[in-house]
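Structure, as C-alpha cells:
Residue numbers (the UniProt record's numbering): 1 to 107.
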C-alpha cells in the first residue's frame, strides 16, 4: 500500500509543479495503476502503464518451476543435452532484455 500512496502523492503534487506524468512503469501489479485511474489527477488526460522489462524477464525465467522440478529429482526436458536448466534460463532472460532494449533504443 505504501507504493500506491506514494504514487498518488507524487502524481497529485506534479500538477502544482506544472508537470504531468503520462506513463507509469510498473511491475505488473495493477493496484497502483488502478488507484491512479480512480484518482484522475489530470482530469481527462489519461495515464498509461508500461511493464518493467526486468520484471517481465524474471517471470519469463520459470525459476520456481525449475526449482520444484529439481526437488523432485527431475529436470525440464530431461537430463540430456538441451534440457532447461537454471543457467539456460538466465541466458534466455539476458537475451530477452537485450532484444527489448535494442528494439526500444536501437542499440
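Beta carbons: idealized from backbone N, C-alpha and C, even for Gly. Predicted, not measured: the structure shown is a model, and the values here were computed from it.
With distances taken Cα to Cα, identify the nearest neighbour of residue i among the options.
i, options, result
"residue 48", "11, 89 and 96", "11"
"residue 24", "35, 18 and 17", "35"
"residue 32", "84, 100, 102 and 50", "50"
"residue 55", "96, 7 and 104", "96"
"residue 30", "15, 18 and 7", "7"
"residue 15", "91, 39 and 98", "39"
When you compare the CB positions of residue i and residue j, do they come within less than 7 Å of one another, or not?
i, j, result
"residue 20", "residue 42", "yes"
"residue 53", "residue 100", "yes"
Assuming residue i and residue j make a contact with CB atoms under 8 Å, what is their CB distance in whole Å?
i, j, result
"residue 93", "residue 66", "In fact, because the Cβ distance is near 12 Å, the residues do not count as touching under 8 Å."
"residue 45", "residue 22", "7 Å"
*Which full runs of the alpha helix (DSSP H) of 4+ residues lie inside the UniProt domain "Mutator-like transposase" (2 to 101), going along the chain?*
Within the UniProt domain "Mutator-like transposase" (2 to 101), the complete alpha helix (DSSP H) runs of at least 4 residues fall at 2 to 16, 31 to 39, 53 to 60 and 63 to 72.
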